[in-house]
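A.B. asks: Residue numbers (the working numbering), protein chains in the order written: chain L, 105 to 218; chain U, 16 to 128.
C-beta: ideal position from N, C-alpha, C; glycine also.
First, the structure itself, so that you have it in front of you.
Here's what the structure looks like:
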């Protein structure tokens with residue numbers, strides 16, 4: 105069965121520092137991959153998605169992610185953290201079997217200090 | 016504007032009562048989903064529906080029921096059989112196949128007293 109692993113349930117950075125949130129997936133074929141952001145007491149918002157086009161995907165709010173098949177990774181990065189980036193981030197994969205729901209990682213909480 | 020609405024935002028119920036959470040979308044999406052979110056556990060799938068009048072159990076369907084009589088609506092009932100219903104509930108929808116991702120509503124926080 106496919107799965108998604110987010111390394112680190114909590115990541116802390118200083119404002120202006122690089123943000124790196126890690127995501128590894130298990131899949132026998134190139135998957136569809138997604139990153140979502142959730143602010144407290146809100147729904148999830150799609151940040152970016154990989155759908156087998158360019159391996160470097162740019163999303164909203166300055167975030168980007170790189171699909172690396174050899175490492176089965178889809179890490180999320182942002183060059184310079186802003187206080188408003190503090191939120192919970194979820195990586196997700198669409199299963200190879202169409203017609204089923206996304207599989208989500210357990211999430212990483214990003215804290216940004218001034 | 017197109018989107019997903021969930022109502023109410025906060026819901027309080029007494030133990031032993033059934034409660035229905037509303038989810039409506041005007042995105043013309045075929046598929047809809049219900050998730051439960053608890054601290055530190057990510058999102059867990061309760062039920063999903065790929066088409067009107069059809070739905071499938073997710074990972075934690077026990078104690079919940081759904082219906083899909085209209086394309087736009089996918090209400091979730093939390094029954095008295097659900098042992099620990101206090102949680103944040105999220106509804107989502109997607110185009111058929113889900114390749115473009117799922118779009119989420121704002122969520123309903125249910126507290127059972």
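1) Report the rounded CA-to-CA distance for residue 184/L versus residue 124/L, giving the unit in angstroms.
2) Here's a check: name, in chain order, each residue in its chain whose Cβ is nearer than 6 Å to the Cβ of residue 81/U, leaving out the five neighbours to either side.
3) Would you kindly work out how many angstroms separate the C-alpha atoms of residue 145/L and residue 123/U, rounded to a whole number?
4) Since residue 36/U meets chain L, which of its residues come closer than 8 Å, beta carbon to beta carbon?
5) For residue 147/L versus residue 23/U, is the C-beta spacing smaller than 7 Å?
6) Compare the Cα-Cα distances from residue 21/U to each of 30/U, 31/U, 35/U and report the closest residue.
7) In whole angstroms, what separates the C-alpha of residue 167/L from that of residue 53/U?
8) Nearest CA to the CA of residue 163/L: which residue from 172/L, 127/L, 180/L, 110/L?
9) Could you tell me whether the Cβ of residue 126/L comes closer than 7 Å to any Cβ of chain U?
10) Does DSSP put residue 182/L in a helix, in a strand, or in coil?
11) Which runs of the beta strand (DSSP E), 3 residues or longer, sit entirely within the stretch 69-99 of chain U?
12) Is there a Cβ from chain U that is less than 7 Å from the Cβ of residue 171/L?
C.D. replies: Reading it off the structure:
1) For this step, residue 184/L is matched to residue 80 along the first chain. For this step, residue 124/L is matched to residue 20 along the first chain. Going from the Cα of residue 184/L to the Cα of residue 124/L covers about 10 Å.
2) Position 66 of the second chain, counting from 1, holds the residue named residue 81/U. Cβ neighbours of residue 81/U beyond the five flanking positions: 62, 70, 91.
3) Counting from 1 along the first chain, the entry for residue 145/L is found at position 41. Counting from 1 along the second chain, the entry for residue 123/U is found at position 108. Approximately 9 Å between the Cα atoms of the pair.
4) To locate residue 36/U, count along the second chain from 1; it is residue 21. Here the premise fails: no neighbours, minimum Cβ distance about 13 Å.
5) Working through the first chain from its first residue, we reach residue 147/L at position 43. Working through the second chain from its first residue, we reach residue 23/U at position 8. Their beta carbons are not under 7 Å apart, which means residue 147/L does not touch residue 23/U by this criterion.
6) Position 6 of the second chain holds residue 21/U. With distances taken between Cα atoms, residue 21/U lies closest to 35/U.
7) Position 63 of the first chain, counted from the first residue, corresponds to residue 167/L. Position 38 of the second chain, counted from the first residue, corresponds to residue 53/U. Computed Cα separation, rounded: 26 Å.
8) Here the question's residue 163/L lines up with position 59 in the first chain. Residue 180/L is the option with its Cα nearest to residue 163/L.
9) Here residue 126/L refers to the residue found at position 22 of the first chain. It does not: the Cβ of residue 126/L has no partner Cβ on chain U nearer than 7 Å.
10) The count along the first chain starts at 1 and reaches residue 182/L at position 78. It is a strand residue.
11) 69-72, 79-81, 91-93
12) As a working note, residue 171/L is residue 67 in the first chain. Chain U, which has no Cβ nearer than 7 Å to the Cβ of residue 171/L, makes this no.
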